[in-house]
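Asks: I'd like to ask some things about the structure below.
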Amino acid sequence: MGVLVPKNQPSDDCVCGKTTFNAETQICCNGVPQPLVDGEFCSCCGSKSYSVRKQICCDNSVKDKVDPEDDCCCGNLTINKKKHICCNGKPQDGKDKTSCCGDISFNSASHVCCFGQIRPKANPSHNWCCGDSTYNTANEICCNGMTAQPASGSLDNTRCCGKVSYDSSKKMCCDLMITDKRNKDDDCCCGGTTINSKTEVCCQGLYLQPKVGGENTQCCLKLSYNPDTHLCCNGKVVTKASKSDDCCCGNTTLNSKTQVCCSGVVQPSFTSGFVSCCGYQSYNLSSQICCQGGVRNKSASRR
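At the far end of the sequence shown sits residue 303, using UniProt numbering, and the numbering has no gaps.
This is the structure we're talking about:
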């Protein structure tokens, strides 16, 4: 069922929102009657009318055309998209320049924009910069930010070793030298070869050794050992006499909390007093003395 709307003016002949307007002199824009500017060339920009010959509607805001042929907004101005390009809200020449580099337009067929700078392409296929030149990121890599190098193997596996590219699935960069992997899972360098750090360790930066103690594996000069079962004594791996041992003594080991080493021989320590060695034997300084290589108890009267 229709709704009767009272005329705003006697000459009104159309409804606009909740009011009326005269279609010969007005236009309805978003339910708001507006003056019919420029006759048949009038249109709406949001709730306002404007002349499409003289103006452009930009984000519900009417802007006067800089040139009658303008068909697009650019910042606070207007442009002709056939002749110009809008770069950061600033009109720029667009005859042969199809892209923007910051506020400046450029020809993307012959140039590339890198970090706000326009550079001529060294090759038509290039799409990014490397040092003072350009390169193709689809099949090249930029090494040291200066030298373009071809992809070695797949692009995903290509890495740089100094200024040279290499296939990281087959090789490694060790001290700026490309080294063949012994095994495909190797991930660390060791001297002139490679190792898998999950199963091997590199001792003294030169010697490949098995990871005998898992993540706790340590090196004793050239050799690896498990610190839970062995100790490194003067460059030699020695089996622990007891699991709790933490020190070396001659060719064996001892627990420094309960034992002492006297001339390479393991001796018991003491729970009270101070301990020392008398030759190959330990003794308690509080109750004993060392005389001519022998241990004697102190007399009760001298204690």
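Just so it is clear, CB atoms sit at the ideal spot from N, CA and C, and this is done for glycine as well.
From which residue to which residue does the beta strand (DSSP E) around Thr137 run?
Replies: Position 137 of the sequence shown, counting from 1, holds the residue named residue 137. Segment: none, Thr137 is in no beta strand (DSSP E) and carries neither H nor E.
Asks: When the distance is taken between beta carbons, is Cys203 closer than 8 angstroms to Cys219?
Replies: As a first step, residue 219 is located in the sequence shown; it is residue number 219 there, counting from the start. As a first step, residue 203 is located in the sequence shown; it is residue number 203 there, counting from the start. Their beta carbons are under 8 angstroms apart, which means Cys219 touches Cys203 by this criterion.
Asks: Alpha carbon to alpha carbon, what distance is there between Pro33 and Thr20?
Replies: For the purposes of this step, residue 20 is identified with residue 20 of the sequence shown, where counting begins at 1. For the purposes of this step, residue 33 is identified with residue 33 of the sequence shown, where counting begins at 1. Between Thr20 and Pro33, the C-alpha separation is close to 8 angstroms.
Asks: For Phe115, name the three-state secondary structure that DSSP assigns.
Replies: The residue you call residue 115 lines up with position 115 of the sequence shown. In the structure shown, Phe115 sits in coil (DSSP, three-state: anything other than H, G, I, E or B).
Asks: With a threshold of 7 angstroms, establish whether the CB of Ser276 neighbours any heavy atom of the ligand GTP.
Replies: For the structure depicted, the ligand GTP is absent and the ligand set is empty, with no information on it obtainable.
Asks: My output table needs one value for Arg303: the three-state DSSP class, helix, strand or coil.
Replies: Counting from 1 along the sequence shown, the entry for residue 303 is found at position 303. Low confidence applies here, because Arg303 scores a pLDDT of 49, under 50, leaving its location unreliable and the question unanswered by this model.
Asks: Which whole runs of the beta strand (DSSP E) in the region 53-106 are 3 residues long or more, in chain order?
Replies: Within the region 53-106, the complete beta strand (DSSP E) runs of at least 3 residues are 55-58, 61-64, 72-74, 77-79, 84-87, 90-93, 99-101 and 104-106.
Asks: Check the DSSP bridge columns for Asp180 and list the partner residues they point to.
Replies: Here residue 180 refers to the residue found at position 180 when the sequence shown is read from its first residue. Lys171.
Asks: Let me make sure I understand the geometry here. Which of Cys277, Gly94, Leu4 and Asn157 has the alpha-carbon closest to that of Ser168?
Replies: By one-based count along the sequence shown, residue 168 stands at place 168. Among Cys277, Gly94, Leu4 and Asn157, the Cα nearest to that of Ser168 belongs to Asn157.
Asks: Given a cut-off of 8 angstroms, decide if Thr252 and Val238 are closer than it, judged by their beta-carbon atoms.
Replies: In the sequence shown, residue 238 corresponds to position 238, counting from 1. In the sequence shown, residue 252 corresponds to position 252, counting from 1. Going by C-beta atoms, Val238 is nearer than 8 angstroms to Thr252.
Asks: Where do the N-terminal and C-terminal ends of the beta strand (DSSP E) with Leu155 fall, by residue?
Replies: For the purposes of this step, residue 155 is taken as the residue at position 155 of the sequence shown. No beta strand (DSSP E) holds Leu155; DSSP gives it neither H nor E.
Asks: Please work out which residues of its chain come closer than 6 angstroms, Cβ to Cβ, to Val15, disregarding the five sequence neighbours upstream and downstream, and give them in chain order.
Replies: The residue you call residue 15 lines up with position 15 of the sequence shown. The residues are Val5.
Asks: Which whole-angstrom value is the C-beta distance of Gln281 and Val295, which I expect to be below 8 angstroms?
Replies: By one-based count along the sequence shown, residue 281 stands at place 281. By one-based count along the sequence shown, residue 295 stands at place 295. Between Val295 and Gln281 the Cβ distance is about 6 angstroms, and since that is below 8 angstroms, they are a contact.
Asks: Taking Ser276 as part of the beta strand (DSSP E), name the residues at either end of that continuous run.
Replies: Within the sequence shown, numbered from 1, the residue matching residue 276 stands at position 276. Its beta strand (DSSP E) spans residues Val275 to Cys278.
Asks: I'd like to know whether the C-beta atoms of Cys100 and Ile85 end up nearer to each other than 8 angstroms.
Replies: The sequence position of residue 100 within the sequence shown is 100, counting from 1. The sequence position of residue 85 within the sequence shown is 85, counting from 1. Yes, the pair counts as a contact, with Cβ atoms nearer than the cut-off.
Asks: In angstroms with no decimal places, state the Cα-to-Cα distance between Phe274 and Gly214.
Replies: On the sequence shown, residue 274 is found 274 positions in, with the first residue counted as 1. On the sequence shown, residue 214 is found 214 positions in, with the first residue counted as 1. If you take the alpha carbons of Phe274 and Gly214, they lie about 39 angstroms apart.
Asks: Taking Glu24 as the reference, give the member of Asn30, Gly17, Asp13 and Lys18 with the closest Cα.
Replies: Counting from one through the sequence shown, the residue named residue 24 turns up at place 24. Minimum Cα distance to Glu24 is reached at Asp13.
Asks: With H, G and I counted as helix, E and B as strand and the rest as coil, what does DSSP make of Gly235?
Replies: Residue 235 sits at position 235 when you count from the first residue of the sequence shown. It is coil, neither helix nor strand.
Asks: From the DSSP secondary-structure annotation, give me the bridge partner or partners of residue 308.
Replies: This structure leaves residue 308 out entirely; the chain is present only between 1 and 303.
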